[in-house]
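Please read the structure below before turning to the comments.
In this note's numbering, the protein residues as written are 133 to 411.
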């Protein structure tokens, strides 16, 4: 087991269930087809999107990612600190807790970024080459020896001015407790590149504001089962809370940065103004 592969105690049977209102089969199937079709359309459009200037590209990615989450029947709420639409010249490391496959389009809807993914995805038919074309940074999570190369790759992307998104818990957690510890490797890349760290907090809620277990994609849960659970669970809201960035420098080493970001994400007491709300 490597530093990239912590083990979460969450299991589909214990964590991934929905106790609220449910959609009937026909509208659920319609949502499933719409969500999958929109996601595939976005993947196929990657080569054309890359021809756009960065501001136009980011704007299009944000709209597409928001539409994907909505197409699966999940409302989107973005709160917290206002974010500059232009990418920081020294890059920015976006770090978030990890609950679901929905996290990826949710982060992109608020902060378009180069995603970090396991190296196996590179070999997937169609999706692998397109993910690489779209700037995905691939890591060999099960090889600790490859960690220095991963850090250098992340640092290089940040130093070039890219925004890079990482889920430093290394695994999905259901979100009912504090979740897993943030591993520090990705934060070393921010230190090396002199980039700020932008913590964001992801929460899935039901109509009565309870934690939405239906969104959790944990353990050995099959993707098909998770997709069906999401589209049949009525009243889900995905909330992404954008927190204050931690500036580069100030004597932070990677472990201190990881602790600071984890504390910010886990905190229930952040008193931040809403920047935007989407329904």
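The beta-carbon is built from N, C-alpha and C at its ideal position, and this holds for glycine as well.
(1) Restricting to Cα atoms, I'd like to know which of 171, 221, 214 is closest to residue 199.
(2) Using the beta-carbon count (16 or more within 10 Å), is residue 412 buried or exposed?
(3) Could you tell me whether the Cβ atoms of residue 365 and residue 344 are closer together than 8 angstroms?
(4) Give the single residue among 203, 243, 255 whose Cα lies nearest to the Cα of residue 374.
(5) Who are the Cβ neighbours of residue 293 in its own chain at under 8 angstroms, not counting the five residues just before and after it?
(6) Please go through the same chain and pick out, in chain order, the residues whose beta-carbon is closer than 6 angstroms to the beta-carbon of residue 397, but skip the five residues on each side of it.
(7) Mind reading off the beta-carbon distance from residue 234 to residue 205? Whole number of angstroms is fine, and I expect it under 8 angstroms.
(8) Check residue 212 in the structure and name its three-state DSSP category.
(9) What does a CB cutoff of less than 6 angstroms around residue 378 pick up in its chain, not counting 5 residues either side in sequence?
(10) Starting from the Cα of residue 326, find the closest Cα among 304, 284, 353 and give me that residue.
(11) What whole-angstrom Cβ distance do residue 321 and residue 287 have, given they're in contact under 8 angstroms?
(12) What does the Cβ neighbour count give for residue 150, buried or exposed, with the cut at 16 atoms within 10 Å?
(13) For the alpha helix (DSSP H) that residue 187 lies in, which residues bound it at each end?
(14) Determine the burial state of residue 169: buried for a count of at least 16 other Cβ atoms within 10 Å of its Cβ, exposed for fewer.
(15) Quick check on residue 165: buried or exposed, where buried means 16 or more other Cβ atoms within 10 Å of its Cβ?
(16) Do residue 208 and residue 177 have their C-beta atoms closer together than 8 angstroms?
By the coordinates alone:
(1) 171
(2) Absent from the structure is residue 412, since the part of the chain shown begins at 133 and ends at 411.
(3) yes
(4) 243
(5) 219, 220, 221, 222, 223
(6) 229, 331, 333
(7) With 8 angstroms as the limit, residue 234 and residue 205 do not qualify as a contact, their Cβ atoms being about 11 angstroms apart.
(8) strand
(9) 329, 392
(10) 284
(11) 4 angstroms
(12) buried
(13) 186–203
(14) exposed
(15) exposed
(16) no
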